[in-house]
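Contents: one structure, followed by commentary.
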Amino acid sequence: MRDVPKKPARTAPAPVVPDLPADEDALSPAAGPPRAQGSYDGELFGPDVDLSGVDARDSRFLGCVLRPRRADGFVLAGARVVDCRLEGIGATEARWRAGTWRDTVLADSRVGALDLSAVSWDRVALTGGRYDFVDLREAELVDVTFTGADLRDVDLTGARLTRVAFVDCRLGHLDVSAATLSAVDLTSSDLEGLSGVGNLRGARVSGVQLARLAPLFAHHLGVEVAD
Numbered sequence: 001m002r003d004v005p006k007k008p009a010r011t012a013p014a015p016v017v018p019d020l021p022a023d024e025d026a027l028s029p030a031a032g033p034p035r036a037q038g039s040y041d042g043e044l045f046g047p048d049v050d051l052s053g054v055d056a057r058d059s060r061f062l063g064c065v066l067r068p069r070r071a072d073g074f075v076l077a078g079a080r081v082v083d084c085r086l087e088g089i090g091a092t093e094a095r096w097r098a099g100t101w102r103d104t105v106l107a108d109s110r111v112g113a114l115d116l117s118a119v120s121w122d123r124v125a126l127t128g129g130r131y132d133f134v135d136l137r138e139a140e141l142v143d144v145t146f147t148g149a150d151l152r153d154v155d156l157t158g159a160r161l162t163r164v165a166f167v168d169c170r171l172g173h174l175d176v177s178a179a180t181l182s183a184v185d186l187t188s189s190d191l192e193g194l195s196g197v198g199n200l201r202g203a204r205v206s207g208v209q210l211a212r213l214a215p216l217f218a219h220h221l222g223v224e225v226a227d
């Protein structure tokens with residue numbers, strides 16, 4: 001009997017390290033909060049900058065660090081964010097929809113409702129923190145890693161994910177209805193609830209997760225399970 005070659009194991013995308021100066025002193029302290037359609041290159045928005053209620057929609061950030069003391073209601077809708085780090089963001093609501101992010105890290109933040117619908121993320125890492133609701137509907141994620149985050153409710157309805165990994169995360173509820181997944185790794189995360197089980201094609205789950213999801217698969221397939 002001829003041996004069937006094994007398929008190579010899929011690996012999670014590597015964590016992103018932004019191309020920033022090793023010494024943040026090399027960055028220019030921002031003179032004030034960003035504004036809509038503004039352009040910022042190599043600036044540090046530190047704890048002395050209050051981003052609460054700031055509207056920076058359609059702005060451009062290149063090689064910047066955003067580490068504000070407060071950022072409730074900070075609007076980044078439509079922004080272009082490249083080689084940046086956003087850290088310690090605290091907000092009950094953040095409207096960041098339809099932005100384009102590349103080679104960027106979002107770290108150790110606490111956001112209630114995070115609107116990332118229709119974003120385009122390429123080589124982005126979200127690490128740590130807690131997010132009560134993450135709206136990623138119609139988003140496009142390529143080479144994205146979520147690591148060590150408490151994600152209470154994640155809506156991926158209609159999203160397109162390619163080489164995306166959830167590593168050591170808590171996923172309270174994940175909705176993949178109408179989503180397209182390719183090389184999506186869920187194996188090391190605690191997946192508590194799921195909607196759209198019929199759209200899990202292209203995802204990798206663990207044996208424990210599969211056992212938890214079995215009733216959902218049976219219901220989706222119309223299979224009756226006898227006691």
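Going by full-length UniProt numbering, the sequence shown runs without a break in its numbering and finishes at 227.
Quick reminder that beta carbons are idealized off the backbone N, C-alpha and C, glycines included.
Here the structure is a predicted model, which is why all the values come from computation and not from measurement.
DSSP three-state assignment for residue 58, whether helix, strand or coil: On the sequence shown, position 58 is the one that residue 58 refers to. Correct three-state label for residue 58: coil.
Cα-Cα separation, residue 33 to residue 198: Residue 33 sits at position 33 when you count from the first residue of the sequence shown. Residue 198 sits at position 198 when you count from the first residue of the sequence shown. Answer to the nearest angstrom: the Cα atoms are 44 Å apart.
Residue 90 beta carbon less than 8 Å from that of residue 70: Within the sequence shown, the letter at position 70 stands for residue 70. Within the sequence shown, the letter at position 90 stands for residue 90. Going by C-beta atoms, residue 70 is nearer than 8 Å to residue 90.
Outcome for residue 104 when other beta-carbon atoms lying within 10 angstroms are tallied against a minimum of 16: Here residue 104 is taken as the residue at index 104 of the sequence shown, counted from 1. By the 10 Å Cβ count, residue 104 comes out buried.
Opening and closing residue of the beta strand (DSSP E) in which residue 167 lies: Position 167 of the sequence shown, counted from the first residue, corresponds to residue 167. Element bounds for residue 167: 160 to 167.
Proximal residues to residue 148 (C-beta, below 8 Å), its chain only, five neighbours per side dropped: Residue 148 sits at position 148 when you count from the first residue of the sequence shown. These residues qualify, in order along the chain: 127, 128, 167, 168, 169.
In DSSP terms, what residue 28 is bridged to: Walking along the sequence shown from the start, residue 28 turns up at place 28. Paired residue(s): 43.
C-alpha gap between residue 107 and residue 98, whole angstroms: Locating residue 107 in the sequence shown gives position 107, counting from the first residue. Locating residue 98 in the sequence shown gives position 98, counting from the first residue. Spanning the two alpha carbons is a distance of roughly 20 Å.
Residue closest to residue 202, alpha-carbon to alpha-carbon, out of 93, 164, 188: Translated into positions along the sequence shown, residue 202 becomes position 202. Answer by Cα proximity: 164.
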